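Undergrad:
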């Protein structure tokens with residue numbers, strides 16, 4: 003087995019169905035930050051699942067893919083810090099493009115901790 007293979011971001015860790023995104027947008031709670039809007043709700047899958055939404059207004063594909071990589075990497079590395087079974091859709095605001103990676107990760111951390119406090 004590869005080193006770090008247990009720390010992968012698998013398909014089971016993602017929100018993939020349109021119906022799940024719609025359920026989140028209609029029934030989920032919202033938390034707004036400077037660069038992100040978090041829509042979250044408990045799930046029945048027994049694990050934290052992530053969805054990422056980036057509008058074309060954010061920039062060209064290179065910028066959109068970069069921000070998605072940053073968010074996925076943060077969740078992959080820090081997944082064990084957050085307990086509970088909930089779905090989170092991270093909606094990226096255009097203001098997030100002005101910040102560096104460390105600032106974005108700090109905002110992700112603060113918002114996810116407050117989400118965990120409100121759910122648990």
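Residue numbers (my numbering): 3 to 122. For each residue, glycine too, the CB sits at the ideal point set by N, CA and C. All figures in this text were calculated on a predicted structure; none of them were measured in a lab.
DSSP three-state call for residue 93: helix, strand or coil?
TA: Within the chain shown, numbered from 1, the residue matching residue 93 stands at position 91. Correct three-state label for residue 93: strand.
Undergrad: Put residue 3 into one of helix, strand or coil per three-state DSSP.
TA: Numbered from 1 along the chain shown, position 1 holds the residue referred to as residue 3. At residue 3, the pLDDT of 39 sits below 50, so the modelled position is not reliable; the number obtained from the coordinates is stated separately. Three-state result, residue 3: coil.
Undergrad: From residue 67 to residue 74, what does the alpha carbon distance come to, in whole angstroms?
TA: Locating residue 67 in the chain shown gives position 65, counting from the first residue. Locating residue 74 in the chain shown gives position 72, counting from the first residue. In a straight line, the C-alpha of residue 67 is about 10 Å away from that of residue 74.
Undergrad: DSSP three-state label for residue 53, please.
TA: Within the chain shown, numbered from 1, the residue matching residue 53 stands at position 51. Under the three-state reduction of DSSP, residue 53 is assigned to strand.
Undergrad: In whole angstroms, what is the alpha-carbon distance linking residue 110 and residue 69?
TA: Within the chain shown, numbered from 1, the residue matching residue 110 stands at position 108. Within the chain shown, numbered from 1, the residue matching residue 69 stands at position 67. Using only the alpha carbons, I get a separation of about 12 Å.
Undergrad: Using the Cα positions of residue 63 and residue 27, report the straight-line distance between them to the nearest angstrom.
TA: Here the question's residue 63 lines up with position 61 in the chain shown. Here the question's residue 27 lines up with position 25 in the chain shown. Rounded to whole angstroms, residue 63 to residue 27 spans 24 Å at the Cα level.
Undergrad: Our contact map puts residue 31 next to residue 42 with C-beta atoms below 8 Å; I'd like the distance itself, whole angstroms only.
TA: For the purposes of this step, residue 31 is taken as the residue at position 29 of the chain shown. For the purposes of this step, residue 42 is taken as the residue at position 40 of the chain shown. Between residue 42 and residue 31 the Cβ distance is about 6 Å, and since that is below 8 Å, they are a contact.
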